[in-house]
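Residue numbers (my numbering), protein chains in the order written: chain A, 472 to 750; chain W, 472 to 750.
Positions of the beta carbon are idealized from the N, C-alpha and C atoms, including for glycine.
Okay, so here's the structure we're looking at.
Number of protein chains: 2
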Amino acid sequence: MYFEEEHGFIKQSLKVKEKIFETKSKYQNIEVYKSEDLGNILVLDGNAMMSQKDEFIYHEMLAHVPICTHREPSKVLIIGGGDGGCAREVLRHCDIDIDLVEIDEEVINVSKKYFLGVSEVFENPRLNLTIGDGVEFIANAEDKSYDIILVDSTDAKNHSSGLFEPAFYAQANRVLKDDGLMAVQGSSWFVDMDEHKNILKKMGSLFDIVMPYRYEMITYPGVNWNFILASKKYHPTADIILQRADLIEDLKYYNSDIQRASFAVPTYVKKELLGIAKN
Amino acid sequence: MYFEEEHGFIKQSLKVKEKIFETKSKYQNIEVYKSEDLGNILVLDGNAMMSQKDEFIYHEMLAHVPICTHREPSKVLIIGGGDGGCAREVLRHCDIDIDLVEIDEEVINVSKKYFLGVSEVFENPRLNLTIGDGVEFIANAEDKSYDIILVDSTDAKNHSSGLFEPAFYAQANRVLKDDGLMAVQGSSWFVDMDEHKNILKKMGSLFDIVMPYRYEMITYPGVNWNFILASKKYHPTADIILQRADLIEDLKYYNSDIQRASFAVPTYVKKELLGIAKN
Numbered sequence: 472m473y474f475e476e477e478h479g480f481i482k483q484s485l486k487v488k489e490k491i492f493e494t495k496s497k498y499q500n501i502e503v504y505k506s507e508d509l510g511n512i513l514v515l516d517g518n519a520m521m522s523q524k525d526e527f528i529y530h531e532m533l534a535h536v537p538i539c540t541h542r543e544p545s546k547v548l549i550i551g552g553g554d555g556g557c558a559r560e561v562l563r564h565c566d567i568d569i570d571l572v573e574i575d576e577e578v579i580n581v582s583k584k585y586f587l588g589v590s591e592v593f594e595n596p597r598l599n600l601t602i603g604d605g606v607e608f609i610a611n612a613e614d615k616s617y618d619i620i621l622v623d624s625t626d627a628k629n630h631s632s633g634l635f636e637p638a639f640y641a642q643a644n645r646v647l648k649d650d651g652l653m654a655v656q657g658s659s660w661f662v663d664m665d666e667h668k669n670i671l672k673k674m675g676s677l678f679d680i681v682m683p684y685r686y687e688m689i690t691y692p693g694v695n696w697n698f699i700l701a702s703k704k705y706h707p708t709a710d711i712i713l714q715r716a717d718l719i720e721d722l723k724y725y726n727s728d729i730q731r732a733s734f735a736v737p738t739y740v741k742k743e744l745l746g747i748a749k750n
Numbered sequence: 472m473y474f475e476e477e478h479g480f481i482k483q484s485l486k487v488k489e490k491i492f493e494t495k496s497k498y499q500n501i502e503v504y505k506s507e508d509l510g511n512i513l514v515l516d517g518n519a520m521m522s523q524k525d526e527f528i529y530h531e532m533l534a535h536v537p538i539c540t541h542r543e544p545s546k547v548l549i550i551g552g553g554d555g556g557c558a559r560e561v562l563r564h565c566d567i568d569i570d571l572v573e574i575d576e577e578v579i580n581v582s583k584k585y586f587l588g589v590s591e592v593f594e595n596p597r598l599n600l601t602i603g604d605g606v607e608f609i610a611n612a613e614d615k616s617y618d619i620i621l622v623d624s625t626d627a628k629n630h631s632s633g634l635f636e637p638a639f640y641a642q643a644n645r646v647l648k649d650d651g652l653m654a655v656q657g658s659s660w661f662v663d664m665d666e667h668k669n670i671l672k673k674m675g676s677l678f679d680i681v682m683p684y685r686y687e688m689i690t691y692p693g694v695n696w697n698f699i700l701a702s703k704k705y706h707p708t709a710d711i712i713l714q715r716a717d718l719i720e721d722l723k724y725y726n727s728d729i730q731r732a733s734f735a736v737p738t739y740v741k742k743e744l745l746g747i748a749k750n
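Put into structure tokens, the structure is as follows:
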């Protein structure tokens, strides 16, 4: 039996034993599959979000790249991330407090039941959880109140579409401090270059430093996807800051070499992106 | 209609219009599929080898990483590579002559018919083609006669299995000059770590510098695969040598940032590889 996911010309199929959970929340269809090689797999509206085997890659890359780019972050806003994986990684940095805003409480409940090792963070006193809409939350947040914003959402459709609008990026820019930065879902060079360019263009008009970086998820169609880092001041491959990157304990994927490497851009992508950020 | 390929827990399916060619050569089953998004796809014994859309990534990474690591290569041996793509990339370097040894003449014929843009190299006077067994060819080659050896083969089975034996690597070491180096297929960290470690271990006992590097092929199950560079003298991220990397004309993937980035190793892989090269 396979869990199958189509994305353009690719269909990715993951060998699974059975579907062990399914529910329709107010916002989306939630499924959990059990697999011998990948552990449990979380699927939202038909898209694989993570497996227990490879979730560390996505979560380490979404959290530590922005954190190690910032000189001294203390306040992080996570929008989405109801599974808890992104927060788990941020909490490895002892001086950081988190506000986490998840629209769908059911995702948290499912994660607590089926993704042990990811969801324990919700007991941590340094994490302040709000069940609500990230777009509304950020519109009501104070100016310059966060060092870092991490958007850990599904793709740009349905309840997540507002997180990919220029108005949202502008609000994020407003609530970030003068040396603040953010990371968001950035689609994929090979599977959906147009969507990638769209996001880069929107953020490029608001932030001085806007750079895509690569991560890999064996559970995603096409495997190589991108986050986009948008920063007011710090540059993600400045070596002084990166000294911290290799001192984080218990990581499985991320290190300073990986941070630098993740920003390398193939020549065909450079040609595609020419001029985008300035328009 | 899909072309489907299973590798462990992953099944990769590529949308295709039709199978436009199939033959059984003396060595393998050869198929060509036509696809809207990927162009023609070459399949050997059920494994996708390349598509017209993404073959540039594989061939640029197999050729230019070793060439730009070497200070002044003039003589390259390609074993396999009957489609011509690897040779096309090597020939971009004007001072290099190639011996190419392909066991299956039928692969060359199919490439000439269905992969224009890849196979024109066989008319080039700087390429000397031999139809024959790479293992035999290298056993009969003179000591220290090549600067670089590139092994562009199918996986370690059937007629290719000899190219993954210690005896072959030892012969390669013998026919390489004192500052020579080679690159070979290195399997995949995520899809087949055991095979990757096997190859590293065999080469590690023969060469001072043995390093895996990553490339991506959307047509391969798991997408991210590895080559392994084995070198007697030169190190692949030495910056003086890399100055040449950005001066090669008409490339679509490779550049000096990509060369450095391709050698970055995730932390879980470092832990897996601990001690391998020394045993």
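Check, Outcome
"8 Å CB neighbourhood of residue 649 of chain A in its chain, flanking five on each side removed", "615, 703 and 704"
"Residue range of the beta strand (DSSP E) that includes residue 694 of chain W", "Counting along the chain, residue 694 of chain W falls outside any beta strand (DSSP E), and DSSP gives it neither H nor E."
"Which residues DSSP lists as bridging residue 682 of chain W, in chain order", "W/700"
"Every unbroken alpha helix (DSSP H) inside the stretch 563-651 of chain A [4 residues or more]", "576-585, 605-611 and 637-646"
"Where the beta strand (DSSP E) containing residue 482 of chain W begins and where it ends", "481-486"
"Residue closest to residue 696 of chain W, alpha-carbon to alpha-carbon, out of W/487, W/562, W/733 and W/706", "W/733"
"Secondary structure of residue 735 of chain W, DSSP reduced to three states", "coil"
"Exposure of residue 489 of chain W, with buried meaning 16 or more beta-carbon neighbours within 10 Å", "exposed"
"Residues of the stretch 674-706 of chain A whose Cβ lies closer than 7 Å to any Cβ of chain W, in chain order", "687, 689, 693, 694 and 695"
"Rounded distance between the beta-carbons of residue 569 of chain A and residue 598 of chain A, thought under 8 Å", "5 Å"
"Cross-chain neighbours of residue 712 of chain A in chain D, by beta carbon under 9 Å", "No chain D appears in the structure shown, which is made up of the protein chains A and W."
"Cross-chain neighbours of residue 509 of chain A in chain W, by beta carbon under 7 Å", "480"
"Test: residue 518 of chain W CB closer than 7 Å to a CB of chain A", "no"
"Closer than 7 Å at the beta carbon, the chain A residues around residue 729 of chain W", "735 and 737"
"Proximity below 7 Å, CB of residue 662 of chain W to CB of residue 479 of chain W", "yes"
"Nearest to residue 535 of chain A (by Cα), restricted to the options A/686, A/613, A/473 and A/572", "A/686"
"Distance CB(residue 548 of chain A)-CB(residue 620 of chain A) smaller than 7 Å", "yes"
"Burial state of residue 611 of chain W (16 or more Cβ within 10 Å)", "exposed"
"Amino acids of chain W, ordered along the chain, whose beta-carbon sits closer than 9 Å to that of residue 725 of chain A", "737 and 738"
"Assigned exposure category for residue 509 of chain W - 16 Cβ within 10 Å defines buried", "buried"
"Cα-Cα separation, residue 523 of chain W to residue 503 of chain W", "11 Å"
"Interface partners of residue 593 of chain W on chain A, CB under 7 Å", "Result: empty, since nearest Cβ-Cβ is about 26 Å, beyond 7 Å."
"Residue 692 of chain W vs residue 526 of chain W beta-carbon contact at 7 Å", "no"
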